[in-house]
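Numbered by this note's numbering, the letters in the sequence shown go through residues 25 to 296 in order. Idealized CB from N, CA, C, for every residue including glycine. For reference, the structure discussed in these notes is given below.
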Amino acid sequence: MRPLDEIAAPGTEERAILELLDPGALPRHLAIIMDGNGRWARARNLPRVEGHRAAVGAVRETIETIARLGIPAVTLYAFSTENWKRPRHEVVALMSLLKEYIDRELATFQANNLRVRPIGRLDQLDPSVQRQLKKAVDGTSRCTGTIVQIALNYSGRQELVDVIRGAARDAAAGRLAAEAIDESWVNDRLETHGLPDPDLLIRTSGEQRISNFLLWQLAYSEIYFCPVLWPDFGKRELLRALQEYQSRERRFGGLSPSESVFSPTGEPVAKA
Numbered sequence: 025m026r027p028l029d030e031i032a033a034p035g036t037e038e039r040a041i042l043e044l045l046d047p048g049a050l051p052r053h054l055a056i057i058m059d060g061n062g063r064w065a066r067a068r069n070l071p072r073v074e075g076h077r078a079a080v081g082a083v084r085e086t087i088e089t090i091a092r093l094g095i096p097a098v099t100l101y102a103f104s105t106e107n108w109k110r111p112r113h114e115v116v117a118l119m120s121l122l123k124e125y126i127d128r129e130l131a132t133f134q135a136n137n138l139r140v141r142p143i144g145r146l147d148q149l150d151p152s153v154q155r156q157l158k159k160a161v162d163g164t165s166r167c168t169g170t171i172v173q174i175a176l177n178y179s180g181r182q183e184l185v186d187v188i189r190g191a192a193r194d195a196a197a198g199r200l201a202a203e204a205i206d207e208s209w210v211n212d213r214l215e216t217h218g219l220p221d222p223d224l225l226i227r228t229s230g231e232q233r234i235s236n237f238l239l240w241q242l243a244y245s246e247i248y249f250c251p252v253l254w255p256d257f258g259k260r261e262l263l264r265a266l267q268e269y270q271s272r273e274r275r276f277g278g279l280s281p282s283e284s285v286f287s288p289t290g291e292p293v294a295k296a
């Protein structure tokens with residue numbers, strides 16, 4: 025974590041929350057479903073695209089804060105495979121904003137030592153979008169700080185289908201035995217390979233579902249549903265989410281120390 029003054033100014037609510045956080049207990053991987061752009065625009069009698077445009081500022085502030093906190097990885101749900109059902113003009117505007125964002129923010133990524141890693145069915149995106157994504161990947165390939173995964177044309181179910189298809193092909197060719205397939209094998213073939221599973225998922229706008237996002241990886245993630253619409257999300261809301269995360273006791277299916285007692289042999293046993 026960088027010095028506190030680089031993250032939040034003294035005397036602010038953000039600084040007060042920051043001073044309560046344990047730097048050694050921050051998430052290793054944070055996942056965010058950025059929701060509410062359309063409702064933000066509608067509440068202001070603006071076209072939906074203006075909500076997406078306003079969302080860029082929230083992305084910038086959130087990513088910069090994550091980098092300064094020293095969180096190793098963040099995955100942003102930017103565009104799902106289901107989002108193609110939206111009106112064509114909105115999809116075109118979203119892709120145009122993405123290209124503009126990469127052009128404008130690449131220097132910021134580099135200055136903050138951020139490494140961009142897009143995931144999803146990228147080959148189905150417009151070639152101009154693919155070129156911009158490659159520009160971001162190549163331009164940040166030497167960065168060693170926070171990994172920023174951008175999920176584009178992404179589907180958690182489709183990701184698992186692709187892994188299953190790959191296993192079936194390898195088995196049919198005699199390259200894979202069923203006994204070799206375990207959780208580690210699957211993890212190595214997911215698009216998030218090489219990263220720990222998200223410790224915390226944040227979803228904005230008050231919606232309480234995961235919407236086909238990182239279905240395998242979120243198995244034991246803490247989930248924080250934030251009522252704030254994404255364009256209004258920023259440093260304060262992020263720090264509040266991290267404060268809530270640190271207040272929880274993660275058991276991964278086991279018992280907390282307060283829920284177990286020890287047998288005469290010293291082995292922990294569950295309380296009745």
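Between the stretch 258-268 and the stretch 40-58 there are three or more C-beta pairs closer than 8 Å, enough to call the two in contact. For the pair ALA65 and GLY75, the CB atoms are nearer than the 8 Å cut-off. Where ASN177 is concerned, the enclosing beta strand (DSSP E) starts and stops at 171-178. Around the beta carbon of ASN177, 16 or more other beta carbons lie within 10 angstroms, which makes this residue buried. HIS53 is bridged by DSSP to ALA97. For PRO34, DSSP assigns no beta-bridge partner whatsoever. Sequence-distant partners of GLU114 (beyond 5 residues in either direction) whose C-beta falls short of 7 Å from its own C-beta, in its chain, are ARG72 and VAL73. The way I'd put it, the stretch 109-125 doesn't touch the stretch 184-193; fewer than three beta-carbon pairs between them come closer than 8 Å. Per DSSP, the beta-bridge partners of ARG141 are GLN173. According to DSSP, residue pairing for ARG227 in a beta bridge involves ILE57 and PHE249.
When C-beta atoms of the stretch 250-258 are compared with those of the stretch 231-242, fewer than three pairs fall below 8 Å, so the two segments do not count as touching. Here ALA97 has HIS53, ILE171 and LEU219 as same chain residues with Cβ atoms under 6 Å from its own Cβ, once five neighbours each way along the sequence are excluded. Across the structure, ILE56 and ARG141 are spaced so that their CA atoms are roughly 15 Å apart. DSSP links SER104 through a beta bridge to TYR178.
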